[in-house]
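Before any comments, here is the structure.
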Amino acid sequence: MNVRQFVEELVSSQDYRGQLRTLRRLPGQGARFAELDPPLPEPLVRALARRGIERLFCHQARAVSAARAGRAVVVATGTASGKSLAYHIPALEALLSRPQATALYLYPTKALAQDQLRFLLELVREAGGVDPEAVGTYDGDTPPARRRSLRESGRVLLTNPDMLHSGILPHHPGWARFFRGLAVVAVDEVHVYRGLFGSHVANVLRRLRRIARHWGSSPVFVLCSATVANPEELARLLLGEPVEVVTEDGSPRPARWLAVWNPPLVGHPPARRSANAEASELLARLVSRRVPSIAFGRARVVAELLCRYTRERLQRVAPSLAGCVAAYRAGYLPEHRREVERRLFDGELLAVCSTNALELGIDVGALEAALLVGFPGSMASFWQQAGRAGRRGEGLVFFIAHDQPVDQYLASHPGYLLERGAEACSLNPDNPPVVLGHLRAALYELPLNPEEVGLFGPHAEAMLQLLAQQREAWWDGRRWRWAVPGVYPAGQVSLRTASQATYTIQDAETGRALGSMDEPSAFFQLHPEAVYLHEGETYLVESLDLNARVARVRRQDLDYFTQAVAEHRIHPVPDSPWQHRRAGGAQVALGDAVVTQMVYMFKKVRFASRDSLGWGRVNLPPTELYTQAMALWVPAGLAGELARQGAGLVEGLWGLANALAGVLPLFVGCDGDDVGYVVEAGGSGPVLYLYDRHPGGAGFAREAFQRCEELLRAAWDLVRLCPCEEGCPSCVGAPVPAHLQVDPELESRGRIPRKAAVLALAEGLVQGGQP
C-alpha cells in the first residue's frame, strides 16, 4: 500500500474536516546478531535454517545463554522480535539431549497457544529426535483422547494458566512423569499478567514450583513480554525469585506510519463525532482497496458495531466485499474463533474488527493496516496492537481518538505516543482473597510444610488458622493438610474475573449456546430487554436466570442497542487501618473499602443517529466489592477559598475524578476498566475515591496514592489545555467507565461539571492549597 497516497486522498476528500492531527513515519532498524557458545546442536541449526533463521538476534542469544546457565530470564522486546525462540531453543536442546526431559509453555490465550504450536511442530519435525505426537496443546478444546495421550507421553505441553490451575496441578500424580522431567517453563506475554489476572497467575506459578520440587525437578523459567517499564519487577513478582533481564532488541523492524485521527467537532454544543463512525469509514476505504486490515475496539460491543457499520458502508460502495469483514472477540465459541483466525490467515477476510483478543502475537497473516479505536488502556497494548500492521513491510496505523480525556490528551500531544516509554505493570500476588483461594488449592494438591508457608506471602499463616477454624485445613503435628474430602477448591477460583459466576447466553429458539459472560458484565449487558450483539446481529434478552446463570436471547431485527446505568457507593471498611499523607494541597489516604453497585436502568440508543429512544428499569440485586481505595479530600482552607470564589466543591471533585481516571493509564500499567471512582459525602466534606475494581485490590489504587502529585498535575494540564470553554467530555465530563463493556462514546453523563470549578480545585491542589 502506498501510505502517502492513501492519506493524501483522505485529506483531499470532500468530507475531510481536519481529522488528521499528525502523520509520522517511524523509522525501521537493521538486525543485530550474536553468537552462542557453545553453538546450537546440528539438528536445531538445520531446523532453524529451513525456517530462514541463519543467525540469532542479540536478545535471543543472550536469553538462551541465561537459560542454559539455569537462570530465570525475562525478555522484553518489541512486537515480532522473535522472542519465542528464547524458550523454544532451550526447550528443544533439553529434549534432544535428555529423552525424559519435558517442557511447559504457558500462554494467556488458547489462540496464541494454537498459533505457537504450528511453529513449534515445524521445528520439531525438521530437527527430528522428538515425536511430534508428544507435542500439543492441552486446554478446554483438547479432545479427551488427546488429553490422555499428552498426559501419558507428552514432552512439550502448550496450555494456559487457567488449565494449569484447575486441570493439571490438582491432578499432578497423574502427571508425575511429566513433572519429573520438567526442564523449561515458558511464560509468554507476561505484560498481560497484571492486576487481578497477574495476581492469580503469580500464585499459580507458586503452586507450580512447589509441585515441580515435589517430583524432583527444578525447571528454568523463560518469560517474554512486550516492552514495559519494569520487566524485572514484573517477572520477580510473578516468579518470586531473581531474574535476568534482556531488553536490547536486535530484531529488524520495518518502517511504520502512525496517523493520529481526531473526529471533528459537530453540533451545538459541540462534541466529537463518533470514533466508531470514523473508524468504520476508514476501514471501508481500506477494504475497498483490498488492504488487509484489523480494527481494535475497547469493548465487545464496539467490535460488533465496527463490523456492522463497515459492512453497511461496503454494501453501498463495494457490495461484493461486505462479506470479507468479520468480528472477533471473547465470548464467541472456540470453533467460531478458530474459523475467523483461519479465514484471516488464508486471506479470505480482508478485515477483522476485534477486541484485544487478537492483540497478542497470533500470526493472522500479512496485515497492512491497524486501526486503534480509542486508547487501548496502556502503551504496551497500544504498541502491541499497532504492531499487527506492517510485519512484512511498511504498515499504516491509525489511532482514532474517542471523546474522552486520555484520548484527547494524546490527540493534542501526539509526541507523547512516540516519546514516552511504556508504563510499569502492577500486580499484588499477596492479595488476601486471591491467596486464600490458591492456598486452599495448594493444600488439596499437597500437604503444606512449615517452610513452604512463606511461599504464599505474609498473610498465609493467618489464612491457614482461618481455614482451620472453618474446618477446611488441619495441622497433623508436622504439616498442614486439606480437611474437606470431595471438595475441589481450584474449581472455585476463576483467574480472570472478580466473580466466579459465568452466565451462558442461549438462543431461545434453538437452545444453542451463543457464548458466555462473567456475572458483573452480565448484569450490565444481559438484563431483561437488553440488546445483545453477536456477529453483528441483534438479539433481545428475554430473561436472565440468576439461579441457573443463563440468559435467554431471541434474534430480532432492531435498530437500537442498550446501555445500562448503575449507581456506586463506597465507604471504608470499619476498623481497617489507612495510610495517610499530603500530596500537594490534597490530603490522601489508602486503605480497604467496600463498593456497592446497583444496575437500575438502561437507555435505548439508535444505531445510526445515536438518538435516545427512551429508558427502561432494571430489577437486579446489588453487588458488593471489597477492595483497596485511595481517598482524596480538600483541606478546609482551600475548600473555604473555593466557596468564596463560587466554585462548587462537589462539582469540582467529580470533574477532577474524571480527569484523574482519564490520565491514570498513562502513569500506571492499568486499563480503564481496572479502576473506578466516586465522590461521597464525608464527615469533614466530600471525598473523592479511586478504587481497584478487583476483590482485595490489584495495586492500582496503591500506585495512584504513591504518584498522586504526578496525577494531579497531569489532570490539571488536561483540563486547562482543553480548547473547550465551559467543560466537555474530553476533560471534565463523566463517561460511563469502559468496564461496563458498552460503547464508550455513549455516556449517561447528566450535567457536565463546570470547567471553572474543576480548574480552581485542580490548580489549588497542584500548587499546595493556593487556587
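Position 319, counted from 1, in the sequence shown is what our numbering calls 328; the numbers after and before it change by one each time, with no gaps.
Using N, Cα and C, we set each Cβ at its ideal position, and we do this for glycine too.
Since the structure is predicted, the reported quantities are computational estimates derived from the model, not experimental observations.
Tell me whether residue i is buried or exposed, calling it buried when 16 or more other Cβ atoms sit within 10 Å of its Cβ.
i, result
"P441", "buried"
"Q474", "exposed"
"R107", "exposed"
"Q125", "buried"
"A211", "buried"
"S530", "buried"
"W725", "buried"
"P467", "exposed"
"P746", "Model confidence at P746 stands at a pLDDT of 37, short of 50, so the residue's coordinates are unreliable; what they give is reported in the following sentence. So P746 ends up on the buried side."
"E660", "buried"
"S289", "buried"
"V326", "exposed"
"R317", "buried"
"Q478", "exposed"
Give the single residue among the options whose Cα lies nearest to the Cα of residue i.
i, options, result
"N8", "V194, L115 and L130", "The structure shown does not extend to residue 8, since the chain is modelled only from 10 through 780, so no value can be given for it."
"E528", "L121, V603 and G340", "G340"
"A280", "A771, C731 and A769", "C731"
"E198", "N365, C333 and R55", "N365"
"V406", "F391, P182 and Y418", "F391"
"A185", "L173, D416, A40 and I220", "I220"
"V696", "A492, G163, A638 and P278", "A638"
"D439", "V462, Q23, Q109 and S621", "V462"
"S234", "A85, R505 and H580", "A85"
"P328", "P179, L774, A72 and R294", "R294"
"S227", "T111, R397 and Y337", "T111"
"H223", "V688, P456, L675 and K119", "P456"
"G495", "D485, A450 and L464", "A450"
"L381", "D140, G225 and I303", "I303"
"P99", "V83, K119, Q123 and A72", "A72"
Given this structure, state the Cα-to-Cα distance separating residue i from residue j, to the nearest angstrom.
i, j, result
"E142", "L167", "13 Å"
"A433", "L567", "43 Å"
"V502", "A557", "19 Å"
"E344", "L121", "15 Å"
"R309", "H411", "16 Å"
"E17", "C740", "31 Å"
"M607", "N628", "9 Å"
"A668", "A395", "26 Å"
"A723", "V672", "7 Å"
"P117", "Y686", "28 Å"
"D682", "W642", "23 Å"
"S90", "P261", "8 Å"
"L755", "S175", "Per-residue confidence for L755 stands at a pLDDT of 41, beneath the threshold of 50, marking its modelled position as unreliable; the derived number appears in the next sentence. C-alpha separation (whole angstroms): 38 Å."
"L291", "V415", "22 Å"
"L19", "Y25", "7 Å"
"L634", "H703", "7 Å"
"M472", "F384", "40 Å"
"G399", "G593", "45 Å"
"R59", "L445", "49 Å"
"A769", "A378", "43 Å"
"V196", "G207", "12 Å"
"P498", "P179", "9 Å"
"A268", "R30", "7 Å"
"E63", "D601", "55 Å"
"A244", "L436", "11 Å"
"T3", "A95", "As shown, the chain starts at 10 and ends at 780. That puts residue 3 outside it, with no answer to give."
"L367", "L315", "15 Å"
Does the CB of residue i have a neighbour CB from chain B at under 8 Å?
i, result
"E290", "No chain B appears in this structure, which consists of one protein chain only."
Kindly identify the DSSP beta-bridge partner or partners of residue i.
i, result
"Y686", "L699"
"G524", "I514"
"M610", "V574 and R626"
"D554", "V559"
"Y541", "Y548"
"H580", "V603"
"C362", "A304 and A336"
"W642", "Q596 and V696"
"E253", "V82"
"Y635", "V603"
"V767", "V767 pairs with nothing; no bridge assigned."
Regarding residue i and the ligand MN, is the C-beta to nearest heavy atom distance less than 7 Å?
i, result
"R563", "Inclusion of the ligand MN in the displayed structure is not the case, the ligand content being empty and no account of it being possible."
**Report entry** Contiguous beta strand (DSSP E) assignments of at least 3 residues, all confined to the region 464 to 492
**Finding:** 482 to 484 and 489 to 491
**Report entry** Length at least 4, wholly inside the region 271 to 357: the alpha helix (DSSP H) runs in chain order
**Finding:** Unbroken alpha helix (DSSP H) stretches of 4 residues or longer found wholly inside the region 271 to 357: 284 to 297, 309 to 326 and 343 to 354, given in chain order.
Query raised in the report: Which ranges does the beta strand (DSSP E) cover as unbroken runs of at least 3 residues, wholly within the region 367 to 422, from first to last along the chain?
Result: 378 to 382 and 404 to 409
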